[in-house]
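Taking it in order: structure first as structure tokens, then the write-up.
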Amino acid sequence: MKQNFFSGLMAGAYISLGAMTFLIIPNQIVASLFFATGIFLVFNFSNMLFTRVCPLMAATKEYHLKDLIVAWFGNGVGAFLVATLVHFCRFESKILERLQPIVDTKLADSPLSLFIMGIICALFVSYAVLLGKKYPVGSFPQIFYVWLLITAFVFGGYDHIVANMYYLSAYGWAFGVQVMPFLKVLGIVTAGNVVGGLLIGSLEKKHL
């Protein structure tokens, strides 16, 4: 349990590093390309990323519900810790201009829209996870497919729960916490990511 929680914490930190990189690059396409740095760290160290555990839970049965829960909380702690560190250094001022409208849009979004955006995100990420597992670590196919799929979901602005954990944490430090809107985003996007992840994991398990 402790090992999995720490693994989840590191996964949350890795995704936060990718999100920070995304926020600091002005060009949307280039920024989307560099978000994948966090995903590659997760894949190379097999960390307990929520959106990785979910499709593999259905596809390979190597994870169970308790692992998914531990991953969620571990990811959240990792994302919050990174956001907290950033708040107390000069880097924060470089990302607030892009961070605020991104989070404001999520907070104002409808539950149905957030749910669908979470499902679509999970479709991209789940295929990246399954293809990342299918091909050897560091091989060209693995790098190409993972990078392509992650870039696509980030560029499209779809909702990834762990990235949202970082965005909301950073936003909370800078602009204040809005409890109910924050909980709405976290809960509904989590549900969307679970539905999409389990769907793809179940449909594509025969190809692993």
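For what it's worth, the working numbering labels the leading residue of the sequence shown as 98, then goes sequentially. By construction, the Cβ of each residue, glycine as well, lies at the ideal position given by its N, Cα and C atoms. Please read all numbers here as calculations on a predicted model, not as lab measurements.
Q | Rounded C-alpha distance that separates residue 156 from residue 172 | A | Sequence index remark: in the sequence shown, residue 156 carries index 59 (1-based). Sequence index remark: in the sequence shown, residue 172 carries index 75 (1-based). If I take the Cα positions, the gap works out to 21 Å.
(Q) Just to confirm before moving on: does the CB-CB distance between residue 293 and residue 211 stay below 8 Å? (A) Taking the sequence shown and counting its residues from 1, the one referred to as residue 293 is at position 196. Taking the sequence shown and counting its residues from 1, the one referred to as residue 211 is at position 114. With contacts defined by Cβ atoms closer than 8 Å, residue 293 and residue 211 do not form a contacting pair.
Q. From residue 109 to residue 208, what does the alpha carbon distance come to, in whole angstroms?
A. On the sequence shown, residue 109 is found 12 positions in, with the first residue counted as 1. On the sequence shown, residue 208 is found 111 positions in, with the first residue counted as 1. Approximately 24 Å between the Cα atoms of the pair.
Q. Along the chain, where does the alpha helix (DSSP H) that runs through residue 302 open and close?
A. Along the sequence shown, read from residue 1 onward, the residue named residue 302 stands at position 205. Per DSSP, residue 302 belongs to no alpha helix (DSSP H) and is neither H nor E.
(Q) Could you tell me the alpha carbon to alpha carbon distance between residue 244 and residue 152, rounded to whole angstroms? (A) Here residue 244 corresponds to residue number 147 of the sequence shown, with the count starting at 1. Here residue 152 corresponds to residue number 55 of the sequence shown, with the count starting at 1. Taking the straight line joining both Cα atoms gives about 18 Å.
**Q.** Straight-line gap, residue 186 to residue 164 (C-alpha atoms, nearest Å)
**A.** The residue labelled residue 186 in the question sits at position 89 within the sequence shown. The residue labelled residue 164 in the question sits at position 67 within the sequence shown. Their backbone Cα atoms lie some 33 Å apart in a straight line.
Q. Which residue comes first and which comes last in the alpha helix (DSSP H) that contains residue 189?
A. Locating residue 189 in the sequence shown gives position 92, counting from the first residue. That run of the alpha helix (DSSP H) goes 189 to 205.
Q: Alpha carbon to alpha carbon, how far is residue 253 from residue 217? Give it in angstroms, no decimals.
A: Taking the sequence shown and counting its residues from 1, one reaches residue 217 at position 120. Taking the sequence shown and counting its residues from 1, one reaches residue 253 at position 156. Their Cα atoms are separated by approximately 10 Å.
**Q.** Contact set for residue 183: own chain, Cβ-Cβ below 6 Å, skip 5 residues either direction
**A.** What you label residue 183 is simply residue 86 of the sequence shown in a count that begins at 1. Answer for residue 183: 189, listed in chain order.
Q: In the DSSP assignment, find the alpha helix (DSSP H) that holds residue 248 and state where it starts and stops.
A: Numbered from its first residue, the sequence shown carries residue 248 at position 151. Where residue 248 is concerned, the enclosing alpha helix (DSSP H) stretches over 237 to 253.
Q | Per-residue burial, residue 203 [other beta carbons within 10 Å of its own, 16 or more giving buried] | A | What you label residue 203 is simply residue 106 of the sequence shown in a count that begins at 1. Residue 203 is buried by the Cβ-count criterion.
(Q) Assuming contact is defined by CB atoms lying nearer than 8 Å, are residue 177 and residue 266 in contact in what I supplied? (A) Within the sequence shown, numbered from 1, the residue matching residue 177 stands at position 80. Within the sequence shown, numbered from 1, the residue matching residue 266 stands at position 169. Yes. Within cutoff.
Q | Cutoff 6 Å; reference residue 146; Cβ partners in own chain excluding five residues on either side | A | The residue labelled residue 146 in the question sits at position 49 within the sequence shown. If we look at residue 146 and ignore the five residues flanking it on each side, its Cβ neighbours are 108, 139.
Q: Count the CB pairs spanning the stretch 255 to 264 and the stretch 280 to 290 that are closer than 8 Å, and state whether there are at least three.
A: Cβ pair count under 8 Å is three or more, so yes.
Q | Length of the line joining the Cα atoms of residue 251 and residue 195 | A | Residue mapping note: residue 251 aligns to position 154 of the sequence shown, counting from 1. Residue mapping note: residue 195 aligns to position 98 of the sequence shown, counting from 1. Going from the Cα of residue 251 to the Cα of residue 195 covers about 14 Å.
Q. So, helix, strand or coil for residue 185, using DSSP?
A. Reading the sequence shown from its first residue, position 88 is the one you call residue 185. Taken through DSSP and simplified to helix, strand or coil, residue 185 comes out as coil.
Q) Which residue's Cα is closest to the Cα of residue 102: 232, 193, 200, 169? A) On the sequence shown, residue 102 is found 5 positions in, with the first residue counted as 1. Measuring from the Cα of residue 102, the nearest candidate turns out to be 169.
Q | From 268, 248, 162, 161, residue whose alpha carbon lies closest to that of residue 135 | A | The count along the sequence shown starts at 1 and reaches residue 135 at position 38. Residue 135 has its Cα closest to that of 248, out of 268, 248, 162, 161.
Q) Can you tell me whether DSSP reads residue 258 as helix, strand or coil? A) If you number the sequence shown from 1, residue 258 lands on position 161. In the structure shown, residue 258 falls within a helical segment according to DSSP collapsed to helix, strand and coil.
Q: Report all residues from its chain with a CB closer than 7 Å to the CB of residue 200; omit the five preceding and five following residues, and keep chain order.
A: Along the sequence shown, one-based indexing puts residue 200 at 103. Closer than 7 Å at the Cβ level, and outside the excluded window around residue 200, lie 264, 265, 268.
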